[in-house]
Amino acid sequence: MSAEQPRPAGSPSGRGARPSVAVLGVGTMGEAVLAGVLRSGWSPDDVVAVVRRDERAAELADAHGVRSVPLAEGAARDVLVVAVKPQQLDDLLAQAAPHVRAGALVVSVAAGVTTARLAAALPEGVAVVRAMPNTPALVGSGVTAVSAGPGAGEEQVALVAEMLSGAGDVVHLPESQQDAATAVSGSGPAYVLHVLEALVEAGVHAGLPRATAARLATGTLAGTAALLQETGEHPSLLRERVTSPGGTTAAGLRQLDERGVRAALLAAVEAARARAGELA
Ligand SMILES: NC(=O)c1ccc[n+]([C@@H]2O[C@H](COP(=O)([O-])OP(=O)(O)OC[C@H]3O[C@@H](n4cnc5c(N)ncnc54)[C@H](OP(=O)(O)O)[C@@H]3O)[C@@H](O)[C@H]2O)c1
16 MSAEQPRPAG SPSGRGARPS VAVLGVGTMG EAVLAGVLRS GWSPDDVVAV VRRDERAAEL
76 ADAHGVRSVP LAEGAARDVL VVAVKPQQLD DLLAQAAPHV RAGALVVSVA AGVTTARLAA
136 ALPEGVAVVR AMPNTPALVG SGVTAVSAGP GAGEEQVALV AEMLSGAGDV VHLPESQQDA
196 ATAVSGSGPA YVLHVLEALV EAGVHAGLPR ATAARLATGT LAGTAALLQE TGEHPSLLRE
256 RVTSPGGTTA AGLRQLDERG VRAALLAAVE AARARAGELA
């Protein structure tokens with residue numbers, strides 16, 4: 016297999032050809048990112064996968080039209096997206112490092128792994144960016160928290176934002192805030208699903224068929240998020256607007272307050288942030 020000549024990484028589109036991309040480790044999140052990069056406008060010819068099973072390579076070729084290549088070839092690309100489990104990372108980087116060229120950009124989505132640790136495992140002159148996507152990225156509606164690490168300037172961060180925009184929204188923050196972002200948006204889908212499950216169950220208790228309750232609750236969640244995003248208004252204002260004095264919503268909200276839903280969410284995010292710090 017002939018490796019393509021690497022182009023300099025770090026140049027967002029509009030200034031010539033797009034940098035070539037390799038996704039190293041294509042499981043759930045790797046595939047979400049790969050699909051996002053294609054949605055952002057990269058051609059399947061400019062994106063390769065590095066996998067370790069032939070059937071996975073065949074699945075990715077069928078689903079996305081991308082080729083799988085050996086690690087040595089993938090690691091020589093302009094931009095490497097590392098999407099293996101944190102415990103698989105050291106092995107992968109040790110195998111990839113001899114093939115990574117100076118000037119390459121490495122984007123890691125591994126939870127809790129610092130850019131300092133990544134940079135230490137890579138050759139000099141490689142730029143490192145840390146990204147924390149979440150599961151709605153699977154359908155292009157995720158939010159990814161992105162932090163620049165050693166060697167990564169504005170241009171590299173802009174390139175990562177452009178690549179990941181096809182997986183949803185991209186938020187820039189300092190690496191010191193990554194654990195907090197993990198606790199809010201990384202773990203957030205689980206909190207929201209937990210609340211949604213309860214809302215569906217409550218609908219069933221109130222006499223609705225389960226499918227109807229699920230449709231009403233899910234549509235309400237999606238619609239409320241869309242309303243919030245489109246109006247750009249503060250959640251308190253939108254909530255006040257649907258809370259008539261002495262009405263049904265006021266009666267329901269009083270129960271949420273009495274039972275400490277707000278306090279429970281504050282505690283959940285704090286516990287997740289602390290756990291992210293311990294795991295790192
Ligand atoms: N899932 C999430 O919600 C989420 C959110 C944010 C960040 N992340 C991060 O995303 C990363 C991946 O998580 P995941 O949930 O996508 O896990 P996953 O589904 O297990 O994916 C990991 C993939 O890496 C592959 N792999 C491992 N070592 C490899 C190697 N040496 N060469 C090639 N492929 C290799 C595995 O291949 P096999 O299939 O052959 O084992 C698997 O397909 C983690 O670091 C996690 O912290 C995940």
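If you count by our numbering, then the sequence shown holds residues 16 to 295, one letter each, in order. Beta carbons: idealized from backbone N, C-alpha and C, even for Gly. Quick caveat: nothing in here was measured; it's all calculated off a predicted structure.
- Following the DSSP letters along the chain, one finds A78 inside the alpha helix (DSSP H) bounded by residues D69 to H79.
- The distance from the Cβ of V65 to that of A47 is about 16 Å, inconsistent with a contact at the 8 Å cut-off.
- One thing to note: V122 has its Cβ within 8 Å of the Cβ of V175.
- Looking at the DSSP output, D184 sits in a beta bridge with V158.
- About 16 Å separates the beta carbons of V185 and T150, which is beyond the 8 Å limit, so they are not a contact pair.
- Scanning its chain for C-beta atoms nearer than 8 Å, with the 5 sequence neighbours on each side dropped, one finds around L271 the residues R277, in chain order.
- In chain order, V161 place their CB closer than 6 Å to the CB of H187, counting only its own chain and leaving out the 5 sequence neighbours on each side.
- Within the region 97-155, complete beta strand (DSSP E) segments of at least 3 residues are found at 120-123 and 142-147, given in chain order.
- Counting other Cβ atoms within 10 Å of its Cβ, Q171 reaches 16 or more and is therefore classed as buried.
- Listed in chain order, the non-local C-beta contacts of V52 below 7 Å within the same chain comprise V36, V62, M178 and G181, local neighbours out to five positions each way being set aside.
- Residues of the same chain with a CB within less than 6 Å of the CB of R33, apart from the 5 flanking positions on each side, are W57 and D61 in chain order.
- Contact between the region 133-140 and the region 68-80 is absent, with fewer than three C-beta pairs closer than 8 Å.
- Relative to the non-hydrogen atoms of ligand 1, the Cβ of M178 never comes closer than 7 Å to any of them.
- Counting along the chain, no beta strand (DSSP E) covers L223, and no H or E run does either.
- For A173, there is no enclosing beta strand (DSSP E); the residue is part of the alpha helix (DSSP H) that begins and ends at E169 to L179.
- A135 has its Cβ no nearer than 7 Å to any heavy atom of ligand 1.
- With distances taken between CA atoms, E285 lies nearest to A198 out of A198, S83, T264 and P224.
- Straight through space, the alpha carbons of L120 and L253 are spaced by roughly 42 Å.
- Shown here, R274 sits in coil according to DSSP, grouped into three states, outside any helix or strand.
- Check the Cα spacing between G40 and each of D77, R54, H79 and K100: the tightest is with K100.
- With a cut-off of 7 Å, the C-beta of T130 is classified as distant from ligand 1, since no heavy atom of the ligand falls inside that distance.
- Per DSSP, V48 is one residue of the alpha helix (DSSP H) stretching across T43 to R54.
- Taken through DSSP and simplified to helix, strand or coil, A91 comes out as coil.
- Pairing G80 with D194 gives a Cβ-Cβ distance that is not under 8 Å.
- Remark: the shortest separation between the CB of R82 and any heavy atom of ligand 1 does not fall under 7 Å.
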